[in-house]
Amino acid sequence: MLTMMRRRTAAVLLGVSLVGGVAAGFAADAMTSDPPTREATPRASASPATKTGVEVKSPVLVANDDGGATLSATLVNHTDRALTINSAMGGMPDDDEAPVLLMFAGTPRATLPPGSSTTIGRAGEPFRIRFRDRVQVGSTLPITLDLAKARYRREADDVTFTATVVARGARHADVANNAPNRSISVRDGIIVKVPGQDKAYLDGWIDSSVDDMTDIRPTGDVGKRGDLEILHQTATGGPSGVSARAGVPVRLGYAPYKDDGQPGDRDYVRADEVEVGRTVQITFRFPSGDVVARFKVVQGKPDGTI
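In UniProt numbering, the protein residues as written are 1 to 306.
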């Protein structure tokens, strides 16, 4: 179990994203109230103006099969320093109600090398970001990136831009969809129901070929009985989270499965909502794609063992 750092309360992320022809500190529709100034026309021999900050080219949100969308864009770092994307949020910098974004980085940190461009969004590329929430084709959504200087980890300017949601078609066929996640899987998933106990704890192992992390709580489905709420108890009081590590199995829970009042980070369901012998389908919303796994409800002993 792992908690994720948050810079703003309603935004999730490890992230990256940006906008077409927008430099750091400016949005696509010119988010400034300063009146235009009149400047002298440069001579033909004058050097062309140089761009500064981070420029976002051709940003578009491509609708996914699950109702969300993946951002496709080219990020150009015009600075002389590598920049790290700390986080991304679906809104303006001070928006506390921004929708959740999920960011996947194929490297430990989402870094933009100095003086170079990086494309994001297509399957196999180092970074991609998607909206988990449903979005409507034709809508235009603001996105803010929180940047830092990679070497010194000092804050750099935020980048806010807008991107339009478009339908998935031949033109955007290579943009990553939220298809079944083939990089992460769950094995030996169980929910342990102990007699006389209100909590039934989850356990199992996450196997992965990539490093990934989510602090979005899993969701459960018990078929005709409807949705099953997955709850979390924490030793720190912070947000819950699930991690996946390339080549290293990560355990979801631990024995004894006893609610003895001791603090400890683990997920559980209400015991009266599950039945021994039944199977529950649980979805983990990782940035690299949703992972759907089946957990069997098993009978535990009074001491919390099975």
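A virtual CB, placed ideally from N, CA and C, is assigned to each residue, including glycine.
Computed from a predicted structure; not experimentally measured.
Cβ-Cβ distance between residue i and residue j below 8 Å
i: Ile85; j: Leu102; result: no
i: Phe295; j: Leu231; result: no
i: Arg266; j: Gly253; result: yes
i: Pro287; j: Phe131; result: no
i: Gly121; j: Ala73; result: yes
i: Val298; j: Ile190; result: yes
i: Val159; j: Thr144; result: yes
i: Gly204; j: Gln281; result: no
i: residue 310; j: Asn181; result: Because residue 310 is not part of the residues shown, which for the chain are 1 to 306, the question remains open.
i: Leu83; j: Thr111; result: yes
Residue range of the beta strand (DSSP E) that includes residue i
i: Tyr201; result: 199-208
i: His232; result: 231-233
i: Asp188; result: 184-193
i: Ala73; result: 69-77
i: Val274; result: Val274 -> no beta strand (DSSP E), and no H or E assigned at all.
i: Ile306; result: Run containing Ile306: none; DSSP gives neither H nor E here.
i: Arg294; result: 289-299
i: Asn86; result: 83-89
i: Asp221; result: 219-221
Candidates the options, of which the one nearest residue i by Cα
i: Ser243; options: Asp215, Tyr257, Lys258; result: Asp215
i: Asn178; options: Ser139, Asn64, Val60; result: Asn64
i: Arg187; options: Met89, Gly90, Ala293, Pro114; result: Ala293
i: Gly196; options: Pro114, Asp272, His172, Leu112; result: Asp272
i: Leu75; options: Pro126, Gly91, Asp66; result: Pro126
i: Val194; options: Ala110, Arg81, Tyr268; result: Tyr268
i: Pro142; options: Ser183, Pro113, Gly91; result: Gly91
i: residue 344; options: Ala148, Arg225, Ser208, Gln233; result: With the chain running from 1 to 306 in the structure shown, residue 344 is simply not present.
i: Gly208; options: Gly264, Gly289, Pro114, Arg81; result: Checking the sequence, you will find Ser at residue 208 rather than Gly. It is Gly289.
Cα-Cα separation, residue i to residue j
i: Ala30; j: Val166; result: In this prediction, Ala30 scores a pLDDT of 35, lower than 50, which makes its location untrustworthy; no coordinate-derived value is stated.
i: Val175; j: Arg168; result: 9 Å
i: Lys57; j: Ala246; result: 32 Å
i: Asp146; j: Glu275; result: 45 Å
i: Ser116; j: Asn77; result: 6 Å
i: Gly68; j: Thr79; result: 32 Å
i: Gln136; j: Ala170; result: 19 Å
i: Ser185; j: Pro256; result: 24 Å
i: Gly138; j: Val60; result: 11 Å
i: Arg278; j: Val54; result: 52 Å
i: Pro249; j: Arg285; result: 18 Å
i: Asp157; j: Arg134; result: 29 Å
i: Gly304; j: Asp260; result: 10 Å
i: Gly124; j: Ala88; result: 20 Å
i: Asp227; j: Pro218; result: 11 Å
i: Met213; j: Gly241; result: 7 Å
i: Ile306; j: Val192; result: 8 Å
i: Glu229; j: Lys301; result: 24 Å
i: Val210; j: Thr70; result: 19 Å
i: Ser183; j: Thr283; result: 15 Å
i: Gly223; j: Asp66; result: 19 Å
i: Arg251; j: Lys258; result: 17 Å
i: Pro113; j: Phe161; result: 20 Å
i: Lys149; j: His172; result: 32 Å
i: Arg225; j: Arg81; result: 54 Å
Residue i beta carbon near the ligand GDP (any heavy atom closer than 7 Å)
i: Ile191; result: As for the ligand GDP, it is missing from this structure, which has no ligand bound.
In DSSP terms, what residue i is bridged to
i: residue 307; result: Residue 307 lies beyond the range of the chain shown here (1 to 306); nothing can be said about it.
i: Thr214; result: Val242
i: Leu102; result: Arg130
i: Val62; result: Thr70, Val166
i: Pro142; result: Thr162
i: Val250; result: Ile206
i: Arg171; result: According to DSSP, Arg171 bridges with nothing at all.
i: Val54; result: Asn77
i: Asp267; result: His232
i: Asp227; result: Asp221
i: Gln281; result: Asp221, Arg294
8 Å Cβ cutoff, residue i in contact with chain D
i: Gly189; result: Among the chains in the structure shown there is no chain D, since it carries only a single protein chain.
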